[in-house]
Amino acid sequence: MSTAVSTRLQRLASRISRRKMISEMDDLLQTRLKRSLSTFDITLLGIGHMIGSGIYVISPEAARKAGPACVISYVIAGIASMLAALAYAEFAVRFPRAGSSYSYVYFSVGEFVAFIVGWNVLLENTLALSIVAQTCGAYIDSITNYVVSNFVRENVGRLVAMPAHSVNTSRSGITGLVTYLNTEHQFLVLVLMAVFVVIVLLKASRTLLVGNVLCGLSICLLIIIIGIGIFKGNFYNWTNSNTGGFLARGWQGVFKAASICFFSYGGFDAISAAAEEAKDPRRSMPIATIIAMLIVTMLYTAVAGCLTLLRNWTQIRMTDGFPEAMNYNGIYWAQYIITAGALCGMTAVAVVTLYTVVRISFSMAEDGLICPLFAKISKRSQVPQYSTLMFAGFSALVAMFFNTDTTVDMLSIGTLTAYMMVTCGLISNRFTGTSNLSALRLRYFRRFESHLSIIFNQRTYIFSNLIIIILTSFGMSFFIQGLWTDSTYGSPILLSLLLVTSTILLAVLQEVPDPYQSYKMPLMPWLAVVSLVFDSVLISTLPSVTWIRFLVWLTIGTILYATYGLRHSKLEMNKDYPISANETS
């Protein structure tokens, strides 16, 4: 009995850890999608996915958590995101597929972990799209003097969460489902989502053309906002001791703000998601990733600095922080520029977000892990039309029934989890290739290899050290937050030594040569470990309720994988899946 159970468990472990393999690089360049995107297109795609609602929604929230030091929060989040982006770029060059982080983890770690990453990314992008639609609807309602919300309140019924600009609501209206809607202007979400769907259902090149135009306009308007902040800002808002000075909330506040700033940078995975439609992915992916991240980091830091210079951080309003700050300084005409920039930026973000989530679901469906309906492509536009409609509809429902406060933290935890899994996968792939090696290969101490291989194999050795690094980073984060004060067993020096030791144990491994690789993340594994430390510290600052929601979502995904994905996976049906060149060498 025990032998049979052991055999079944071994078989299950083998099935959930199986990885996609490739025989030749040309296999990866073949796709049912059309390769029509240039480096310029992909760069603007990434910028367009990052500069939008992140600026107008997150900047006031970050200022509330960190004070004027939110500029440091954006720099920290930008550095961590850049490190993760370098890992994404290497994977995008090696595996130019539409699934982004999902595909990369599938190639490097295993099927179950890849499914969980893909499952989280689908949620992340769906929530991001709902936030964009909500914010965009609020801005449109604002510039029309609240015509939509007033009309809804008078003619449909009095809804929950009425803003301060309410009108006479003596007419009873209709009660029922609308009572539970988020705010009155959420009816605009349906119209906006329909517009987003129409744009995304165009051919990829036309979709990107619309996104590029909107992205360009948004950048120009942001530069104007930065110029206003430089000339009209007051540095007393940064030095005022009555409100805490520059580090008003301390370093704890800086790191808490940095954890939500990841929502602002999370769009760079759109670059990787477009790899399957890039004309030359080996050249375009690293160039587009680095340029987009540098531009966006500078823009975010400058805009956040201008906001806190124009208005004391204690008085920044969450809903309309930028327009109110301009009005406070007597720059009334600037609110129209801000509104125009917000609408351009958020529309670009919405289009790119929907584009990204559709491509990732397409990749998962092609692998057999979710319903094949998500992989059906329109013959006319060569776009996955059914998944476009389904995700847009689901995002509209989320936007109508949930506010942004309940979704931003979920976005951050999903983004950080994907970053960590991709970084771990990259380290594994660099030292094991795409093969399942049993020997532990070291750069040094070669005479000990035969003895060590009895206890360890390459993958368990790598992931054991990665787990130690992540747990150590969590411990260091608890010290930063003041949650762990045991100086005997929790010494920061001891944790630092443990972290460095695990990194050195990874550094002595011998890299697997890859003849196809034209770009690699530099200073491996040191930069990758720094990225893991950043991500681990920031994810540990998120509130416990976010972790509970996240675990619920993971449980649902695990059940779906166990009941459908495990049996319908193409690797399950095709036992003779091609192996990689590394494995045959």
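Residue 338 in full-length UniProt numbering sits at position 338 of the sequence shown, and the numbers go up by one each step.
Note that CB positions come from ideal geometry on N, CA and C, so glycine has one too.
Nothing here was measured: the structure is a model prediction, and the numbers come from that model.
Beta-carbon spacing of residue i, residue j below 9 Å
i, j, result
"leucine 369", "phenylalanine 151", "no"
"lysine 496", "valine 537", "In the sequence as presented, lysine is not what sits at residue 496; that position holds serine. Contact: no."
"glutamate 90", "valine 408", "no"
"phenylalanine 67", "threonine 243", "Correcting the residue identity first, residue 67 is glycine in this sequence and not phenylalanine. Yes."
"isoleucine 42", "isoleucine 271", "yes"
"phenylalanine 391", "alanine 375", "no"
"tyrosine 139", "alanine 342", "yes"
"threonine 417", "phenylalanine 550", "yes"
"alanine 351", "glycine 46", "Correcting the residue identity first, residue 351 is valine in this sequence and not alanine. Cβ atoms of valine 351 and glycine 46: not closer than 9 Å."
"isoleucine 228", "leucine 310", "yes"
"valine 109", "valine 383", "no"
"asparagine 120", "leucine 554", "yes"
"proline 96", "arginine 359", "no"
"aspartate 280", "serine 569", "no"
"glutamate 111", "serine 17", "yes"
"leucine 354", "valine 191", "no"
"serine 284", "alanine 292", "no"
"leucine 214", "alanine 348", "yes"
"tyrosine 519", "cysteine 371", "no"
"alanine 274", "leucine 12", "no"
"valine 148", "leucine 222", "no"
"phenylalanine 268", "serine 73", "no"
"alanine 92", "serine 81", "no"
Residue i - partner residues in DSSP beta bridges
i, result
"leucine 309", "Answer by DSSP bridge pairing: none, since leucine 309 is not bridged."
"alanine 92", "DSSP, once it has assigned bridges, lists no residue as partnering alanine 92."
"leucine 37", "Ala278"
6 Å Cβ shell around residue i - same chain, five flanking residues per side excluded
i, result
"threonine 7", "none"
"glycine 305", "Val71"
"serine 502", "Asn465, Ile468 and Ile469"
"methionine 524", "Arg430"
"arginine 249", "Ala66 and Gly67"
"glycine 266", "Thr415"
"methionine 162", "Note on methionine 162: pLDDT 44, under 50, position unreliable in the model; no value is reported."
"threonine 561", "A small correction: the amino acid at residue 561 is tyrosine; threonine does not occupy that position in the sequence shown. These residues qualify, in order along the chain: Phe115."
"histidine 165", "Unreliable placement is indicated for histidine 165, whose pLDDT of 43 sits below 50; the coordinate value is still reported in the next sentence. Only Tyr146 meet the Cβ criterion."
"asparagine 212", "Leu44"
"serine 387", "Val358, Ser361 and Phe374"
"serine 540", "Phe474 and Ser477"
"threonine 314", "Thr243"
"isoleucine 76", "Ala258"
"alanine 63", "Cys70, Thr308, Trp313 and Ile316"
Outcome for residue i when other beta-carbon atoms lying within 10 angstroms are tallied against a minimum of 16
i, result
"arginine 380", "exposed"
"threonine 297", "buried"
"proline 492", "exposed"
"tyrosine 336", "exposed"
"glycine 330", "exposed"
"proline 286", "buried"
"glycine 233", "buried"
"isoleucine 504", "exposed"
"valine 5", "exposed"
"serine 473", "buried"
"tyrosine 236", "exposed"
"threonine 3", "exposed"
"methionine 364", "buried"
"serine 14", "exposed"
"phenylalanine 401", "exposed"
"isoleucine 316", "buried"
"methionine 420", "buried"
"tyrosine 104", "buried"
"phenylalanine 231", "exposed"
"methionine 193", "buried"
"glutamine 544", "Note on residue identity: the sequence assigns serine, not glutamine, to residue 544. Its Cβ having fewer than 16 others within 10 Å, serine 544 is exposed."
Own chain residues within Cβ distance below 8 Å of residue i, not counting five before or after
i, result
"glutamine 10", "none"
"isoleucine 462", "Ile427, Ser428, Phe431, Thr432, Leu506 and Leu509"
"glutamine 385", "Leu201, Lys376, Ile377 and Ser378"
Cβ shell of residue i (< 7 Å), same chain only, five flanking positions each side left out
i, result
"leucine 542", "Ser259, Asp409, Ser412 and Ile413"
"tyrosine 102", "Ala114, Val117, Gly118, Val121, Ile360, Ser363 and Met364"
"phenylalanine 394", "Thr126"
"leucine 209", "none"
"glycine 245", "Thr239"
Chain D within 9 Å of residue i, Cβ atoms only
i, result
"alanine 350", "Included in the structure is just one protein chain, with no chain D present."
beta-carbon residue i near the ligand ADP non-hydrogen atom, thresh 8 Å
i, result
"asparagine 329", "Absent from the structure shown: the ligand ADP. Ligands present: none."
Exercise. Within the chosen definition, does the stretch 419 to 431 reach the stretch 126 to 134 through at least 3 CB pairs nearer than 8 Å?
Worked result: No, the stretch 419 to 431 does not touch the stretch 126 to 134.
For this session: Decide if the stretch 520 to 535 is in contact with the stretch 70 to 88; the criterion is three or more beta carbon pairs, one per stretch, under 8 Å apart.
Result: Inter-segment contact for the stretch 520 to 535 and the stretch 70 to 88 is present: three or more beta-carbon pairs are separated by less than 8 Å.
Exercise. So, do the stretch 339 to 354 and the stretch 214 to 222 have three or more beta carbon pairs nearer to each other than 8 Å?
Worked result: A contact between stretches requires three or more CB pairs, one per stretch, nearer than 8 Å, and the stretch 339 to 354 meets this requirement with the stretch 214 to 222.
Exercise. Counting Cβ pairs, one atom from each stretch, are 3 or more of them under 8 Å apart for the stretch 279 to 293 and the stretch 305 to 325?
Worked result: Verdict: no, contact absent.
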